[in-house]
Structure formats: C-alpha cells, structure tokens
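Numbering (full-length UniProt numbering), first residue to last: 1 to 976.
Presented below is the structure to which this report refers.
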C-alpha cells in the first residue's frame, strides 16, 4: 500500500540537523490515505546503488508486505517508520521532560485518531499500539526481541554488507566506536557514529512501515535462536537497502535495546494509560498492556495474578539489623534461608505446566510443559495432591547434588536454566509462596495463611520439590544467630518476613526484608588488587574508562617487587561518577593499546583481554568487595570474584603491595570460596531485650568472631615431642570422649599448628561427625578428611602413624592415587603385614563372589588394569561401562532387521572392548545405545526418570567412532 507524502527539500543531516519528519495537517491521500497527523518530508535519493541481491530481496519483501497489508490493514502497516524515528529524535533532543512528553503524546494521539478512522471507531484491540510500543521500549521485549547482536557484531556486519575496506577510516570508526577521537563528544555511542558512516551510502528517505520493521526484527530474532547468521545478514541487508541513515540510527538503538531518550519507561506508560505501569508490573506482557488498555478512558477494575500469565514477583528490601524489631512492628516474624538460585514461578493446570523467571521469561521448554518432558516436571507431577488441579507457586529453582545432599551455589560452573535430565546435578524447586489454588486467588491472604495453604498443595520430594522452612522469631538476637548460621553453611543470607504481609507483585519491602553478609560492615574479607587493563565506556561514560581489569601478583623473591601479575576479575561498579573521573585523569597518560598477538609480558591474561593496558608500576590498587571467589577460565588466576565492586582507591598503598596469588588461594580455601567467614554478635550480657532497650535505646554493634570459631589459646601448652612440627591441622569436631579443644591441645603438644578454616597449607581436616561444614569441605574435593581415631593412635604411639583406609572419611585426588598404589579394592595393603583385627576389618568388607554385581566385578577388573597400566589398551576402553543396546526398537521388516543385526554385532564389539552388555534395562546401566530408529527414545527417557542413577542415551556412532579412533570419544556430541 502506498501513501501520499508532501515533498520538501532535504535538510542537512546529522544528529543536530537531521531530515525531520514532522506532524502535518490532517488529510487523506488519494490512494489508501495518509495516517492522520503524519506527514513526511524529503524523498531524494543519494548515491547508493543497491546490488542485484539487494533489489531481489527488496522486491520479495515488498510483495509479501503489500499482500499482508491487503488482507489485514493495521495502523502499523500504514505508518512510516520514519515518522516514529522523527518523533524519537525530537524526544531525545528536547531538554525538558514536559517537551519530551508532549512529542510522545502527539505521536500517540495521531496513532489513535488514525486507528479510529481505519476501523470506523470500532474498538479493535487486536490492532493496538503494541508494534510501536515494543520499538520505543525494546528493553521490555528481551524474550521476543532476542537478536544476539551487540555493537561489535553490528560493526562487522555493516563493514561486510557495505563492502568497506577493512583498514579504512569508516571501518575503524565502527570497530573502535568507544575510543575517543579527540574532537567528537559521541565516543561510546555506536548508533551516532554509524549514522555518519551510513549517511553518504543510504537512501535519504526510507520506505519501510512500522509493521515491516517489526517483521524484519522478528525475523532476525527467529534466525538468532536458530543460529542462522546468513539469514540475519539478509534481514539487515533489507534494512540497509530500504532505510535512511537516521532510521538506521534508531534501528541500531532498538537492536541493542538502549534508545538513550532521557525518558523513562514509567513516563511512557503514564502517557499511554494511567494503569499501564501497574498492569505491566503484574503481567510483564507489553502486548497485553497495549491491548487491554487500548482505550485511555477505560481503566482496570481488577488487576490480579492470572494463570499462565507471568507477573513480576514481590521482592525484599535490604534490612537494617538494628531496626529489625521496629520494622516488624515488635511482633513475631519468620526467618527463611535466602536461597542462591533462580527466582521462578510455576503455573499448573492438570498436566499443563509453565515456568516464568523473575523478569517474565518463559523457561517451560527447559523444565517441562508436561509430566513427560523436562528436567523437573516429570519428577514432581506426582507430588501434587489429587484435589489440587490448578495452582501458581513462587519459589527458587536450585541445583541439588544428590551425592552430597546439598544445594549448589550459583557461583559454581552450572546454569540451572540449561541443566538436562542426565546431569550429575538435579533440578529442585524450593517453594516459599502460593498465589492460587483451584482458581482461588490468594494474593490478598496473609503470608501466615498462604503458608498453611502451601503445606496442603503438595507432598515434598527431597531434592526435587521442597517447601522453604520458616522459623518463627521475635528478637534481633535470633536474627543475628540465623545470619551467623548462614555464614557457617556458606549460604547467601537470610530473609525476614512479616506473617501478616500480603503479596504485592513488583513491590519491594512491604513486610519482606533480606540480610546478606555483604550488607553488614566488617563481615566480608576484602581484596586489594591492581588495575592492569581498561575498557572504554559508552553512554554517559563515553570517552572514559568505565570498567577495569584487575589482577593479583605472583609472589616475588624476598626483597624484590613483583614483576608478573595474573588477571582476576573485571569490575565496573561501586564508584561515583566523580571518583571514576578522578581515577581516569590519574591513569589517562599511562594507557596503552592491548595487542592480542603481542601482549605485555608482565600481565598474564586468560580468555578475557582488555582494550587497553597499563604497566603495573604506573597503576593503582583498588579495594574490592565481592561475595565469593569462583572458578573461571576467563582469567589467568583460574578463578574470579562474584559481584565485585570497588570500595575505595588505596592511596596509602604502593602498586607492588597488592594481594598475591598465594593470598588469594588462602582466601579461596578459607571458607570454600566465600568471602564472608566472620561472625556478627551483639553485646555480652543476657538481659531481656525489652530491658536493654530502655537502658540503652541504641544497641551498640560489635563485629567479631563467635566464640566456638575463635582459635584456641595454646600459649601455655608445653611441647611433648615434635612429630607434627609445623604441620597445619583444622579440627572441625571431635568425639564424645575427646572433644575438639582436647584434640587441638594435644596437636599443639606434638608441635602442630591449628587453623579454624582449611587453607592450601592444611595437612588434613579432622572430623568426628559429618556436619554441613564438613560436607562443604568434602564437596570442594581439596582436602583430606580424617577420623579423630588416627590422631588418637598417633598420640598413643608418639609417632606419625601412616594413614590407612579405615581412618579416612574423604580423600582428595592425590591421596586417592597414593592409596590405589598401596591398597587393594578392599583396603588390604600390598606391602605391610596385617594383624588379626585388620584382617577381620578387611574380610567384613568383602562379599562372596556370588554376591558381587557385574558392576562391582567390572570395577575390580578395571582397578587391576589401571594398576598394571593395561587400561591404555583399546580392548579395555569400555571396561567401566554397563551398556544396554536397544535392539527392541526393531520391527519385523527388512530395513529394521538389518539395523537389528547391526546393533547385535555392535553389542559383541562392545563386549570385545571390555563393556558389560546387558539384555535388560535396569538400575545400574550407564549407557543406552540406540540406532537410527528413535521411536523408543521417549519411553527410554520416561523409564530413566524412575531411576536414582541416570543412564545416558547415545547414538550408535559413539561406539563406532570410539573403536575406529581407539579411544573413548566425548559423549556430549552423541547425546540423544
């Protein structure tokens, strides 16, 4: 469909003098009509000669768009995209908020007038303002408009599509858009720089409508999810060939989801409709907002949580520990563990499930839309009570380790949103609230009532679906004790909730508070690390360094300064703009370009490389606070900081006094990576809280270490001998007859050294019982955990008794390797004579050969092969595996008979190469091999969910490729 437009002379281009598209008089064109209130100026063509490919795509796209507009005319299919860009340009250039609102209101009113004329004043909510709104607020459409494209990728695509010389001036402008050029103030603004590069090469006036732009952007998002980069290029080619430079400037900002309007989404909502912001807070659905609130004169009588519609959850405010009792109105309250997972809401109706994240993203495909699919739904469907058919639950999606029976923290290397059924970890949904049961909405009920209802919705299944436990408390001291316990358990923190609070979507506080160790002064270990690299900023930070690459030093020889630094983290928060500006001035003259092919010898990087670097001797130390140290391959240190932020610049320290690699390792081992290991406690008297409040209205807060974690005073201990001279021990607990203090005193008498948290120099951990701290140490797999009986035997003989299997609770990899050389599968030494008691202990662990399972026999054989280096033989490559070859998928026809024969032969090959091949699928099977017929895969997966130990389903090519290459191939490539 064509629209008539008034012609005018082109104006000078540029961000301060563009082709303007201003509202004109209300009139209708001869063919189809011009949108009321819309008028375009300028239609001349500049020297852009599109290729035959561009013309072919243009004709094809135009034909499709015209056909679509004839079948279902909409406002978006009639309004030129240039008119929207003109409005956005005026909004951005206006300094006053009132002027910005006026420009947006004019555009919106014109849209509504044209809608009424097009639909003859009928309220057609299917044709709403949504096509324009999603372009104005692209940050709210992250799921639907997921392009996977950032500025650097756009720069490379433009260089390729425009055929710019790689080393040319314009190509370098696009690639180095964040680097200040000295004369321009737009450093960091890729869209503006692209505008000047594109202006001489593009149409002066574009021909796309808002609907066509949406269609192309939707195509880019679709092709991005399908990873089809060639089709993304074609879509961008359409935009380039049919858009002006000004339009592409705004398209770029829409693609990177940052329009830089100086105009908040709340302002946009308030102009559109008085109830728009509130409805979006509940639903997070921009299209629903535009349709339901299409008529500004009609409000919402009842905004509520609805089934299968995402809503923004209720959030907690940061608590002030000294005000807890006052904030809870001096009434009892609930304390919950603050879980370190992904906030997730679950909607269920019968066998239909949907899962939404905190920001409204749909993760149903991952967790399962029915009891037959997904990493969670098949395992929890049976937990719901039969009389509960509809429910909406709010909770935290966690990763559960079934071996250690503990929850994993988000800092570890896993993504709960991408876990698969046969992962070593399993998905567990920890529920703390319920918002609907059988169509009864519960948001207005008190938290106490909702919790009572929640316990009747489902029966918890440990490690799959659990109810977050609530502890009732009354005093500040109970909160502090709970926080200290959370620190001991390496948890994120605690939640405080008022029992009478109601559920308010997208509200923060309102009876919900949170406390994390990093919110309390003095509980966190801080690191003094050196700035070694930088990254140019964009937006308000354009033209200056906005993020910094920081490093720790290799420990130098005595008397020397460090010369080599290992990168540790990238940090870009915690400072004010003034502090950032002052730091930039201090370091400005020392920055040098970082060349990946010739990096500085003093700075060792991982995969993360800076844009510029600074010689360590010219840099400064920053004090950084973070929640924990986590493993990472991106940095040379092999780890990084989680949620780092700069606390202050250490003006009192020289560059060479920063944290060393050894210091970092000690901190990392101190508390399983957590940087909160200290305790908070209040006062030293036991007076009732009410009495203390009258005597001293403000409780003085004292930071320190709780008594049972303090290092013992061993200054008065007399040495008996030196068998443990300078050996470091960490005693977690003792036995009934030999408690922890007694063992520590005896270790000191024998010359040993005591620490309260194991570090890199700790010889072993002594544990009389497996509490949560011991389980965390075991899961880290860095330390040997030994029973107190070993220490008692050392004390008795006054010698360092060699470790034996009976003493060990857990062995780190190097100790396991040593024991494999010294002891057999049953704990009997190959070299040391045994006595009667030890022989009885060994025999008690040996089963009769008839009682041994095939898996145990295979393990014994594999152990012998490893001991004598036979395991390197290709004939033993499958020795550790119990494999089921799925020949039952074969049906009685010629093709499947051939496949069945092939699979049967494959079973013989597997046996020949050491595998235990079974004819029946049961617990203990490690792998299932399937042929080309995949008809039974769904049944195999359903059966797998009933097993405690999951098998992997692999294509037959895994077997053939492994045999051909004489070594086991990576399994993930062959998963079905």
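Built from N, CA and C at the ideal position, the CB exists for glycine as well.
This structure is a prediction, so every number in the text was calculated from the model and none was measured.
Coarse secondary structure for residue i, derived from DSSP in three states
| i | result |
| --- | --- |
| residue 917 | strand |
| residue 166 | coil |
| residue 962 | helix |
| residue 834 | coil |
| residue 326 | helix |
| residue 362 | strand |
| residue 658 | coil |
| residue 728 | strand |
| residue 886 | coil |
| residue 78 | coil |
| residue 568 | strand |
| residue 815 | helix |
| residue 843 | helix |
| residue 551 | strand |
| residue 774 | helix |
| residue 907 | helix |
| residue 668 | helix |
| residue 614 | coil |
Separation of residue j from residue i, as counted between CA atoms
| i | j | result |
| --- | --- | --- |
| residue 259 | residue 336 | 40 Å |
| residue 385 | residue 940 | 27 Å |
| residue 188 | residue 111 | 33 Å |
| residue 377 | residue 504 | 27 Å |
| residue 126 | residue 437 | 31 Å |
| residue 462 | residue 443 | 27 Å |
| residue 506 | residue 361 | 15 Å |
| residue 945 | residue 379 | 7 Å |
| residue 486 | residue 358 | 24 Å |
| residue 781 | residue 811 | 8 Å |
| residue 560 | residue 622 | 22 Å |
| residue 223 | residue 234 | 10 Å |
| residue 405 | residue 250 | 51 Å |
| residue 243 | residue 296 | 33 Å |
| residue 963 | residue 817 | 28 Å |
| residue 388 | residue 512 | 28 Å |
| residue 508 | residue 319 | 12 Å |
| residue 943 | residue 799 | 55 Å |
| residue 680 | residue 515 | 12 Å |
| residue 875 | residue 930 | 22 Å |
Contacting residues, own chain, Cβ-Cβ under 7 Å from residue i (five flanking each side not counted)
| i | result |
| --- | --- |
| residue 131 | 76, 210, 211 and 214 |
| residue 841 | 806 |
| residue 637 | 552, 566, 567, 568, 661 and 664 |
| residue 574 | 645, 646 and 647 |
| residue 758 | 669, 730, 765, 777 and 783 |
| residue 911 | 917 |
Any non-hydrogen atom of the ligand ZN closer than 7 Å to residue i Cβ
| i | result |
| --- | --- |
| residue 499 | Annotation note on the ligand ZN: not contained in the displayed structure, which lists no ligands. |
Cutoff 8 Å; reference residue i; Cβ partners in own chain excluding five residues on either side
| i | result |
| --- | --- |
| residue 341 | 396, 397, 398, 399, 407, 410, 416 and 430 |
| residue 686 | Bear in mind that a pLDDT of 42 at residue 686, under 50, signals an unreliable position, so the model cannot answer this. |
| residue 554 | 562, 563, 564, 565, 566, 660 and 661 |
| residue 614 | 531, 532, 533, 534, 587, 590, 591 and 592 |
| residue 608 | 549, 567, 570, 634 and 635 |
Cβ neighbours of residue i in the same chain (closer than 6 Å, five flanking residues each side left out)
| i | result |
| --- | --- |
| residue 105 | 271 |
| residue 527 | 624 and 659 |
| residue 784 | 764, 811, 812 and 815 |
| residue 164 | 170 and 171 |
| residue 700 | Only weak support is given to the placement of residue 700: the predicted model assigns it a pLDDT of 44, under 50, and the question is left unresolved by the model. |
- prompt: Is it true that the region 946-953 meets the region 914-927, where meeting means three or more beta-carbon pairs spaced less than 8 Å apart?
  reply: yes
task: Give, in chain order, every unbroken run of the alpha helix (DSSP H) that is at least 4 residues long and sits entirely within the region 369-412.
output: 377-380
message: Three Cβ pairs or more, each shorter than 8 Å: is that satisfied between the region 431-445 and the region 393-407?
response: yes
field: Uninterrupted alpha helix (DSSP H) stretches inside the region 718-770 (no shorter than 4 residues)
entry: 740-749
- request: Entirely within the region 258-325 and at least 4 residues each: give me those alpha helix (DSSP H) ranges in chain order.
  value: 265-272, 276-283 and 286-292
- prompt: Curious, which full-length beta strand (DSSP E) runs of at least 3 residues does the region 921-959 contain?
  reply: 927-930 and 952-955
message: Is it the case that the region 642-657 contacts the region 479-495, given that we only count it when at least three CB pairs across the two stretches are under 8 Å?
response: no
field: Any 3 or more C-beta pairs closer than 8 Å across the region 278-285 and the region 308-327
entry: yes
- request: Within the region 86-149, note down every full alpha helix (DSSP H) run reaching 4 residues or more, in order along the chain.
  value: 97-118 and 130-136
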